[in-house]
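Here's the structure we're looking at; comments come further down.
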Amino acid sequence: GAVVSQHPSRVICKSGTSVKIECRSLDFQATTMFWYRQFPKKSLMLMATSNEGSKATYEQGVEKDKFLINHASLTLSTLTVTSAHPEDSSFYICSAVSGSYSDTQYFGPGTRLTVL
Amino acid sequence: QKEVEQNSGPLSVPEGAIASLNCTYSDRGSQSFFWYRQYSGKSPELIMSIYSNGDKEDGRFTAQLNKASQYVSLLIRDSQPSDSATYLCAGGARVTGGGNKLTFGTGTQLKVEL
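Dropping the structure here:
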């Protein structure tokens, strides 16, 4: 099946710093990528939808200035958590879809962010 | 607010038994439904997708959808210890560019006991 990678897998940073997370589709072109966040013992919450070359569409309650999403190519989307605070500590997962008519989302392995 | 509801469990079944996982959803605009399995600390992996009323079988898994009752279920036959995980139900709505915006339930923890 299709492979989606995320980098880094784990990151620990100090409060106030910015962290960039990369999501790559390794063997297909992703027309759409999604970013999710999952807190411990909770379900996945969609943060935003990104299409290559377009501005991301953020879900209600997600601060677009804090969570910057760039989908610069059909194989790469990045999520930057700006001025991170301890409450941003979470498991961030991306997923990618191949083609406009596909329903299958391929999930990346996730990035565990810990903000001290 | 669009919601997907699941019993958090844990649901314990003996090895070889049938595990039955249930899910209800509130958004009648959801067009597709998905069951994902998630092991602790890992990302979800797709088990089944279902779009039409009725049953859909794939190996040991059967998904059932009843749009009138806004109800989705997943049956796992011949449960194995390796099936022990959290099962996430998700409702999807298509977006421009492909794919579905997924609304996930909180998940049901399944434990298959030897």
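Protein sequences, first through last, are from chains C and W. Counting from 370, one number per residue, gives the positions in the first sequence under my numbering. Counting from 92, one number per residue, gives the positions in the second sequence under my numbering. Note that CB positions come from ideal geometry on N, CA and C, so glycine has one too.
Legend entry - Reference K433(C), options Q375(C), W404(C), A465(C), closest by Cα: W404(C)
Legend entry - Cβ separation of S378(C) and L395(C), assumed to be a contact under 8 Å, to the nearest whole Å: The pair is not a contact, with the Cβ atoms about 15 Å apart (cut-off 8 Å).
Legend entry - CB-CB length for A453(C) against V388(C), believed under 8 Å: 6 Å
Legend entry - is_contact[L137(W), chain C] using C-beta, thresh 8 Å: yes
Inset, instruction - Would you mind listing the beta strand (DSSP E) stretches within the segment 380-444 of chain C that are 3+ residues and don't spill past its ends, in chain order? - result: 388-394, 399-407, 413-420, 436-442
Inset, instruction - Could you tell me the distance, in whole angstroms, from the CA atom of T449(C) to the CA atom of L482(C)? - result: 11 Å
Inset, instruction - Run down chain C in chain order and give the residues with a C-beta less than 9 Å from the C-beta of L179(W). - result: S412, L413
Inset, instruction - Tell whether a beta-carbon distance below 8 Å holds between A275(W) and L165(W). - result: With chain W represented from 92 up to 205, any question about residue 275(W) goes unanswered, as that position is not in the structure.
Inset, instruction - Could you give the DSSP three-state label for P105(W): helix, strand or coil? - result: strand
Legend entry - C-beta neighbour in chain C for T197(W), strict 8 Å: yes
Inset, instruction - Could you tell me which residues DSSP pairs with A184(W) in its beta bridges? - result: K192(W)
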